[in-house]
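See structure below.
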Amino acid sequence: MCAEELDFVEKYDLLGCIQCGRCTGGCPVALRTDLRVRCFMYDTQNEERLEEISEKPEIWDCTTCYTCAARCPKGLEPLEVLIGLRSLQIEEGKVQPTVRDALESIFKDGNPWGSPRAKRLDWASDLDVKVLEPEAEETTDVLLFICCTDCYDPRVMKVAQALIKVLNAAGVDYGLIGEDESCCGSEVRRLGEEGLFEMCDEENVELLNSFNVNRIVAISPHCYNTLKKEYHGLKVPVLHYTELVAELLEEGKLEIPKEIAKVVTYHDPCFLGKQNDIYDEPRYIITRIPGVEFKEFDRCRERSLCCEGGGGKMWVESESKEERLAEIRIEDAKEMGAQVVAVACPFCLLTLEDATKVKGVEEEMQVMDILELLAEAL
Amino acid sequence: MNGKPRIGVYVCHCGTNIAGTVDVEEVVKFAETLPDVTVARNYSYMCSDPGQALIVDDIEKAGLNRVVVASCSPRMHEPTFRKTLLSGGLNPYFLEMANIREQCSWVHPDPIAATEKAKRLVEAAVVKSRRLEPLDAKEVDVEPSCLIIGAGIAGIQSALDIADAGFKVYLVEKEPSVGGHMIQLDKTFPTLDCSACIMTPKMVDVANHPNIELMTYSQVEEIGGYIGNFDIKVRKKSRFVDIDKCTGCGICAEECRMAGRFPNEFDENMGMRGAIYMPFPQAVPAKYTIDKESCLFLTKGKCGESPKCKDACQAGAVNFDLEDEIVEFKVGTIIVATGYDVFDARLKPEYAYGVYDNVLTALEFERLVNASGPTGGKVTMIERGKKKKKKGAEEEAPKVPESITFIQCVGSRDKSVGNEYCSRVCCMYTAKLAHLVKDKVGHDCEVTVFYMDVRAFGKGFEEFYDRVRREGVKYIRGNPSEIYKKGDKLIVKAEDTLTSTPLEHETDMVVLSVGLVPRRDNREIIDLLKLSQTSDLFYMEAHPKLRPVDTASDGVYLAGVCQGPKDIPDAVAQAKGAASAAMIPMASGKVKVEAQTSFVNEDTCRGCGFCVELCPYTAIELVEVNRMGWPVKVARVNEALCKGCGACAAACLSGSIQQRSFKDWQLLPQIEALGVK
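Following this line, the structure appears as structure tokens:
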């Protein structure tokens, strides 16, 4: 461990912190776990104690939703301190087996789900899709970056399939990477495995730059955020699919013939809303579907509640007697009479759908990606 | 100056500021070797009395005719040493300063290199001093009158002071009434004086004072000229009510077909008004105004058979043919007292202002507790945008909140909204409003204040804060992060940072203690007067410590919050300061203008106009002259407006504009002496 990596005070501008408490105050998991991120902003100023502090189990409770940073009046990013502490643990090899397996799987097979690379395109086996050739002469408009979860999880796979249906209906010129596609590394970075993330950055940028395309469209807000804000040297712009679909609707390239007569609400994914200010496009798409009665959560947009799916939390469970946030979300949805909770993120889809089962409302309430809702109306 | 230059060089230690790094003895020894240097000395503080006496003595005894002072930046002490030269009988413009502090000792840690640089700077100053010429600072007459822009407490106070001293004041206010923000407030901290009670007498005074010409509902449109001789143009907007005839009886407002349909700006849009209205009962002047944006007759050309206000007015004051009036006059000085806006709480979406009815700004809450406010001073839960029920329909009595929560620092000390500064009043007005809740709603109403630091720095502030806590106001240290709803209750999500406890604090009403921000229409005044702004975008004073009411433009002064957040006593103190500053040139009747101005060689000027565009003081214009029978355009400098910044001279392509004391043949050898070829 080299000394410069330990320089927390400078790296995270800890002396800028005025201990106002907005970070912990806004933290969605503070009410259900022991995590008090403000205290870490103070404690980690003592570099001699870093090792000891990094042993605290609550550093793994952070979902990296970014609320603490969005609310900080001094422009600091408290969550990054927690990621820094996770790094110390990772370097020591002190890591939960589930996390270790996920990271190893990314290193070996390019996905965290322990599945072979050869099966990466199985989700599209029944679909007629173009796989892009590197250095092709002809330009393809859109490169689709499919999240590992969409590729391998049998439930989430349907979202990727819906995306294909929507793009075909709109006549979009697109292509896939295929088996060479690898994990974006968003969760890798947030679990604190800096070295592996650097590898994801370098290899993916090289791969993505080898294709002759106008733009990259990511299906997951996590991939979108990482490609757009954390990669170095990508040559073409990155969009989230909601931006592309909103554009298709606005330009009249996509028409929605069928009606869906349901009460629909929308849950803002943190990585799309709080972290990238994409609030309007998803709502625009949903409200363009004929028959939909759209209702907002009380806690929506900038005040949306995290589902606890990010920050590596798919592989780390927090100990808490309190209700999961996803369950609170489903209760709120039930109270407002929502028949569909629409999402735009694979993790939100899984956590919220799981919560409908815990709450026993899976019969009356569906959790669907916006793409699935849209595909149903085509 | 005739005869050979005899130069005195004075190297200042500035305590250890310079001498701690620069070897001043060595610099003096070096200076002695320079041509034409008659005397070279060093002294601990050249700006002190004995330091200046050294110079005067040498001028007299050694016959010096040039003086070089190597010390600090000329910004502070150039005027000091010019006076020294004058008292020694020399023209003050035979002074040259070498800045060996800010540009040398303070920035170079290595004593050897710093000493070498000091020598170069001194040599360059000596070279230039040989070529200095005597200059005369001209005097201009000062019009004994003052324009004051803005009639809040600061503008009113300045106006009264200047008018009482016997000078003419033109007080211009944009709104229909004078009073500004102070008249919106209920009580004032920490003394709990009723704001209206102490304000209205002053408002009446400015309206009645024989030396004050009050122009309300008016805007300054043009300002030309310079200190002593400003030319002002003001637009008096039409009220469509003849204010000489209007008696302020209010029958017109009762009759207005649109009565109660528009939000009243004075009540922070919580109360309603008609198209013809008086913003509040104590308005000065107590006259009615028709808002042309909301009047049926003025927007649609038709208001029933005929406008009811007009029919109702027994004085015959309503007149839809009245037009804006342009007034022009001259003044000697100008005070800018344009005030502030409160922070737009919508920029903090996590607090859901504009989403939930009972999340209020503190200024809205001021109106709610105020007896002349929309609820007659009753603190009740509010329903925004509620349609007025038909007469006779039963109104359900509005609910009284059982708990009220204040959130401090909303839009202050917050980089995420670009306001890094503390607004200086919110801690105390929050304490005051918390007290008023206990006082007016009753002790059972639970009052909580979320804060990060309580800054009770002023006279009587800490004592007041103590009192309010003892009254049962609960202070929780932690700045809330979010507001949402659970059933009927608002939830304030925060952390009690003293116990590290995350909270979901239930409350009926939230008051956001919003900060003070520069007015959104600040640009208008900047464009008129070329004012500078500090990084927080408030207007910039000439010196943060020693010239707090002056601006970079002579004859233009600042008062009140337009210069930076402050409370009422500070605003009043600054207003009195600005009044006093403005009265100095008016009382003396004459003012010296810059001598180191630019001038044009009209024979070589090509009239390209580059200098005209560059000049920040609009001191240069293109004029037509006859050049050997041909009409040509050339630049001409209005020396009364020129501040001697030198932008024109540096940019002139043909070298036709030169600045006195900085002419090319004076400046280029100085630069060369620094080793720049």
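From first to last, the protein sequence lines are chains A and B.
Those letters in the first sequence? Residues 1432 to 1809, per the working numbering, in order.
Those letters in the second sequence? Residues 119 to 795, per the working numbering, in order.
Quick reminder that beta carbons are idealized off the backbone N, C-alpha and C, glycines included.
Endpoints, the beta strand (DSSP E) within which residue i is located
i       : result
A612/B  : K607 to D614
Y344/B  : S336 to Y344
A188/B  : R184 to S189
A753/B  : W748 to V755
T479/B  : V477 to T479
P636/B  : L634 to P636
M869/B  : Shown here, chain B extends from 119 to 795; a query on residue 869/B therefore has no answer.
L1574/A : T1571 to F1576
R745/B  : I738 to R745
Below-7 Å beta-carbon distance, residue i vs any chain A residue
i      : result
Y539/B : no
M119/B : Bear in mind that a pLDDT of 48 at M119/B, under 50, signals an unreliable position, so the number given afterwards is only what the model happens to contain. So, not an interface residue.
A612/B : yes
K533/B : yes
G596/B : yes
M570/B : yes
E624/B : no
S631/B : no
K603/B : yes
S779/B : no
E600/B : yes
C-beta neighbour in chain B for residue i, strict 7 Å
i       : result
E1682/A : no
P1733/A : In the sequence as presented, Pro is not what sits at residue 1733/A; that position holds Glu. Yes, contact with chain B.
M1432/A : Note that M1432/A has pLDDT 45, beneath the 50 cutoff, so the model's placement of it is unreliable and the number below is only indicative. No, M1432/A lies away from the interface with chain B (no Cβ there is under 7 Å from its Cβ).
P1668/A : no
K1442/A : no
G1461/A : In the sequence under discussion, the amino acid at residue 1461/A is Ala, which differs from the Gly named in the question. Yes - at least one Cβ of chain B is within 7 Å of the one on A1461/A.
Residue environment, residue i, which counts as buried when at least 16 other CB atoms sit within 10 Å
i       : result
T523/B  : buried
L1607/A : buried
A549/B  : buried
R588/B  : exposed
M1432/A : In this prediction, M1432/A has a pLDDT of 45, which is less than 50 and means its spatial position is unreliable; nothing more can be read from the coordinates.
W748/B  : exposed
E1633/A : exposed
P403/B  : buried
F575/B  : exposed
A826/B  : Because chain B in this structure spans residues 119 to 795, residue 826/B falls outside the shown range and cannot be described.
I444/B  : exposed
P210/B  : buried
C315/B  : exposed
Host alpha helix (DSSP H) of residue i (start-end)
i       : result
H1653/A : P1652 to N1656
G1515/A : P1509 to E1522
M546/B  : C544 to K558
K426/B  : K426 to A430
H1671/A : No alpha helix (DSSP H) holds H1671/A; the beta strand (DSSP E) holding it covers V1669 to H1671.
Y539/B  : Counting along the chain, Y539/B falls outside any alpha helix (DSSP H), and DSSP gives it neither H nor E.
A1773/A : Counting along the chain, A1773/A falls outside any alpha helix (DSSP H), though it belongs to the beta strand (DSSP E) covering V1771 to V1774.
G273/B  : I271 to D282
I522/B  : That residue, I522/B, is in no alpha helix (DSSP H); its beta strand (DSSP E) goes S521 to V528.
Rounded distance between the beta-carbons of residue j and residue i, thought under 8 Å
i      : j      : result
C374/B : C427/B : 5 Å
G633/B : F656/B : Actually they are not in contact, since the Cβ atoms of G633/B and F656/B sit about 12 Å apart, beyond 8 Å.
P703/B : G346/B : 6 Å
A149/B : A272/B : Rounded, the Cβ-Cβ distance is 50 Å, inconsistent with contact.
E731/B : V752/B : Not confirmed; about 15 Å, so no contact.
Where residue i meets chain C, residues with beta-carbon distance less than 7 Å
i      : result
S618/B : Here chain C cannot be found, since the structure's protein chains are A and B.
Residues bridged to residue i [DSSP beta-bridge criterion]
i       : result
D1708/A : Paired residue(s): none; D1708/A is not in a bridge.
T625/B  : L608/B
D668/B  : Y675/B
R353/B  : Q337/B and I444/B
K1726/A : T1696/A
T619/B  : D614/B
Heavy atom of the ligand SAH within 6 Å of residue i beta-carbon
i      : result
R531/B : Here there are no bound small molecules, and the ligand SAH is not part of this structure.
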